[in-house]
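Numbering of the sequence shown is given in our numbering, commencing with residue 640 and proceeding in unit increments.
The next block holds one structure in the form of structure tokens; read it before the comments.
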Amino acid sequence: MNELRYQVDLLTAMNQKLSVQEKMYRLVCDTSYNAFLYYSFEKSEIHLLGKWDSFFDFRIQDWKDLGRLYEMVDEPYVDHLREVIFLEKEHLQEAVTECMLRNKRIWLEFRARVFCDEEGVPQDKIICISDITKFKHQNDELTYMAYYDSLTGLYNRNYFVRLLSEYVRRAKEEQEIVSVMLIDIDDFRKVNDGLGIIVGDELVQQLGSFLKEISGEDIIVCHLNSDVYCIAIYSPTGQKSVSRIHERIQERMQKPFILSGGQEINITVSIGVAEYPESAATALELIGCAEIVMYKSKDLGKNNIQYFDTPILNAFLQNVQMENELKDAICSRSFELYYQPQYYAGNKKLRGMEALIRWRDGSGRMISPAVFIPIAEKNGAIVSIGGWVMEESIRQFAAWQHKHRDSLILSINVSPIQYMKEGFVDELLQILSTYRVNPQEVELEITESVLIEDFEKVTAKLRVLREYGIRVSLDDFGTGFSSLSYLKKLPIDTLKIDKSFIDTVLSDPATRVITESIITMVKTLGLETIAEGVEQEQQYKYLHAIGCDIIQGYYFGRPLPVQEMEALLEEA
Ligand code: C2E
Ligand code: MG
Ligand code: MG
640 MNELRYQVDL LTAMNQKLSV QEKMYRLVCD TSYNAFLYYS FEKSEIHLLG
690 KWDSFFDFRI QDWKDLGRLY EMVDEPYVDH LREVIFLEKE HLQEAVTECM
740 LRNKRIWLEF RARVFCDEEG VPQDKIICIS DITKFKHQND ELTYMAYYDS
790 LTGLYNRNYF VRLLSEYVRR AKEEQEIVSV MLIDIDDFRK VNDGLGIIVG
840 DELVQQLGSF LKEISGEDII VCHLNSDVYC IAIYSPTGQK SVSRIHERIQ
890 ERMQKPFILS GGQEINITVS IGVAEYPESA ATALELIGCA EIVMYKSKDL
940 GKNNIQYFDT PILNAFLQNV QMENELKDAI CSRSFELYYQ PQYYAGNKKL
990 RGMEALIRWR DGSGRMISPA VFIPIAEKNG AIVSIGGWVM EESIRQFAAW
1040 QHKHRDSLIL SINVSPIQYM KEGFVDELLQ ILSTYRVNPQ EVELEITESV
1090 LIEDFEKVTA KLRVLREYGI RVSLDDFGTG FSSLSYLKKL PIDTLKIDKS
1140 FIDTVLSDPA TRVITESIIT MVKTLGLETI AEGVEQEQQY KYLHAIGCDI
1190 IQGYYFGRPL PVQEMEALLE EA
């Protein structure tokens, strides 16, 4: 009897333990976001657990019912699903697939696992079904971000390069041509600076939408960056020829872009074109070549299209070589300074001289500063080159003063990049004090391009320079924005009228009117004027007659090497 009682107690305890465990597993299944299908091979029994009913509106009691499941998903997924559900037939222990539930538009993942005994005979099977819709959408978004540019909806740079590489590969096989057009909005910076980046973005977006219309079979369009777009055309002929696409773009540019704030903006674009196989052999090289010629079309006055050819490539390569040589030109002492005399128009007395840099490159060629200064400005070498010019010219000037005791003015050209650098004023003051040169005898020539920078910052620095007594002149006046109105706000001493005015001042009445009004205006502001590039006696006489103070040009003297300038000082 006791034995029997013991057995009953044991069974009751085991039962209780089992029902606790069963409850626990059921709770786990029910609170999970997944549905489970359990199958026992031994008993041929199916059990559904977890969130089954929230995914499906039918139940499965028998394997025959599985057909219902296949009906719920789209055709291409059926075979995969069958393989996963009957994975043991494929001799697999685990398998997974994903498919879209047609009626609910949700994505489900089916993950199956078979458990076998020691002999490898299947005993149990679990299929876990999870909703992966959210994950799928996030994935789609990531894919979109990987391929498209969010501002314009056009292909982004990376994806474009991939597609263009594919074009190039195909063109190689089929002996075809691929054209690449690089399109850049002219003066985009003015839109951004003047109207703000939100307006700038809207313009980029609108032009992007227009360019999207051009894309089609064998034409892909991308937003490369900022205000730059790129079009690749496979086998460019007929309607999809570069000239036809260019025409379409030109037609669009005739009309203004109307922005949401009501602004109407008229723009132009500069386009560079490169072609496979003529210009380059890879996608990146093609884009690079198109970029080089796009810049050329900017240099040629913007609003035009340029095609890549060999002379352009050579000029570019030369630039690159020059860039490298420039970097060590200071160490190799291959710079030299020439000095061009300036004379008072009234008494023809020497007023001073402008230091002008000269460079003899590795092969002994003399290269014009008009060529290499812009390159040095681009690669940053201008800071050390400009520093050398300041020190060397002031050192030389001090030596001349010591010898000749004349009161002269030394003019030094200063690049905007050098001027905007912190510590520029201190560096100059340091050099002046080292060589004991009076700041009032030094004049810095800045160009209007410096004014593109923060106007307040530029003028604040000008004021500091002038507090120390250093003179400032505005060089090349007439070649930039040339607005007389801002002159009033500029703390300068001298204005240099550009040679382009002097060239036509005798022949062109309009230039004459402008030149005369510049001089009158400058006089009322209490500034001096220097005429640059005076080559003829008549030009000098006329300029003197209309009140120009100082003359610089071949008529009075060319830029001279040190010894010749010295000889000139001795005569004076
Ligand atoms: P710039 O400052 O306007 O200098 C005047 C330029 O006109 C000089 O050219 C000079 O040789 C030339 N020139 C003067 N009179 C006449 C003339 O009667 N006829 C003709 N045809 N030309 C005349 P250069 O020396 O080739 O310099 C070109 C430009 O390079 C300069 O224009 C200046 O902007 C820049 N530059 C020269 N030296 C330096 C420098 O040390 N630093 C910086 N940042 N720029 C410099
Ligand atoms: Mg100058
Ligand atoms: Mg000038």
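In this text, a Cβ means the ideal position worked out from N, Cα and C, and glycines have one as well.
Contact test: residue i Cβ vs ligand 5 heavy atom, cutoff 6 Å
i	result
Asp1132	The model on display carries ligand 1, ligand 2 and ligand 3 but not ligand 5.
Contacting residues, own chain, Cβ-Cβ under 7 Å from residue i (five flanking each side not counted)
i	result
Ser854	Val860
Ala922	Val800, Leu803, Ser804, Val807
Ile969	Ser1023, Ile1024, Trp1027
Asp669	Gly689
Leu1164	Leu1126, Lys1127
Glu930	Leu821, Gly911
Tyr915	Val807, Ala810, Ile816, Val817, Leu925
Backbone secondary structure at residue i - three-state DSSP
i	result
Ile1012	helix
Leu1113	strand
Pro1148	helix
Asn654	helix
Ala968	coil
Lys987	coil
Pro916	coil
Arg801	helix
Asn1052	strand
Phe697	coil
Val860	strand
Pro1200	coil
Ser909	strand
Leu846	helix
Lys1127	coil
Tyr794	strand
Own chain, CB closer than 6 Å to residue i, minus 5 neighbours either side, in chain order
i	result
Glu964	Asp1000, Gly1001
Phe1036	Leu1049
Thr772	Ile745, Trp746
Glu1080	Ile1048
Gly1108	Pro1078, Gln1079
Lys1100	none
Candidates the options, of which the one nearest residue i by Cα
i	options	result
Phe695	Lys703, Arg707, Ile685	Arg707
Leu747	Asp713, Val753, Glu812, Leu731	Asp713
Leu821	Asp756, Glu890, Asn942, Ala734	Asn942
Ala1289	Thr1159, Gly1003, Gln1202	What the structure shows of the chain is the stretch from 640 to 1211, and residue 1289 is not part of that stretch, so it cannot be assessed.
Glu737	Phe749, Glu727, Pro980, Tyr787	Phe749
Leu842	Ala994, Met892, Asn953	Met892
Glu1171	Glu1203, Ala984, Val1152	Ala984
Phe955	Val659, Gly940, Ile771, Phe1011	Phe1011
Met961	Leu720, Tyr868, Pro1008, Asp763	Pro1008
Ser671	Tyr786, Ile824, Cys767	Cys767
Lys743	Met711, Asp948, His730, Gln1177	Met711
Leu1090	Gln902, Ile1189, Ile1056	Ile1056
Ile884	Ala871, Lys894, Glu1174, Val760	Ala871
Asp866	Ala810, Glu890, Arg887, Arg796	Arg796
Asn673	Asp756, Ala751, Ala920	Ala751
Gly927	Cys869, Lys894, Ile1006, Gly900	Cys869
Ser1088	Pro1013, Thr1168, Gly1019, Glu1203	Pro1013
Thr1118	Ala1211, Ile1141, Asn654	Ile1141
Ala1038	Val1076, Asn1018, Arg721	Val1076
Under 7 Å between C-beta atoms of residue i and residue j
i	j	result
Asp1132	Thr1086	no
Ile1136	Glu1082	no
Tyr977	Pro1198	yes
Arg1151	Val1161	no
Tyr1074	Arg1034	yes
Leu989	Gln979	no
Ala734	Val717	no
Glu1209	Tyr1194	no
Gly847	Leu793	yes
Glu1016	Ile1070	no
Leu1021	Ser973	According to the sequence as given, residue 1021 is Ile; it is not Leu. No. Outside cutoff.
Ser971	Lys937	no
Val959	Phe947	no
Thr791	Gln844	yes
Own chain partners of residue i with C-beta closer than 8 Å, once the 5 adjacent residues on each side are dropped
i	result
Lys935	Gly911, Gln945, Ile951
Asp763	Tyr677, Tyr678, Ser679, Phe680, Val753, Phe754
Arg1102	Pro1130
Arg665	Leu688
Mind pulling the alpha helix (DSSP H) runs of 4 or more residues that sit fully within the stretch 876-901?
Complete alpha helix (DSSP H) runs here, min 4: 881-892.
Fully enclosed by the stretch 713-792, which alpha helix (DSSP H) runs are 4 residues long or longer?
Taking only runs of at least 4 residues, the alpha helix (DSSP H) segments lying wholly in the stretch 713-792 are 714-724, 772-786.
Could you give the uninterrupted runs of the alpha helix (DSSP H) lying entirely in the stretch 660-710, keeping only those of 4 residues or more?
Within the stretch 660-710, the complete alpha helix (DSSP H) runs of at least 4 residues are 691-694.
Can you list the beta strand (DSSP E) stretches of 3 or more residues lying completely in the stretch 1145-1197, in chain order?
Qualifying beta strand (DSSP E) stretches, in chain order: 1167-1170.
In the stretch 927-975, which residue ranges form an unbroken beta strand (DSSP E) of at least 3 residues, counting only runs that do not cross its ends?
Listed in chain order, the complete beta strand (DSSP E) runs (minimum 3 residues) inside the stretch 927-975 are 944-946.
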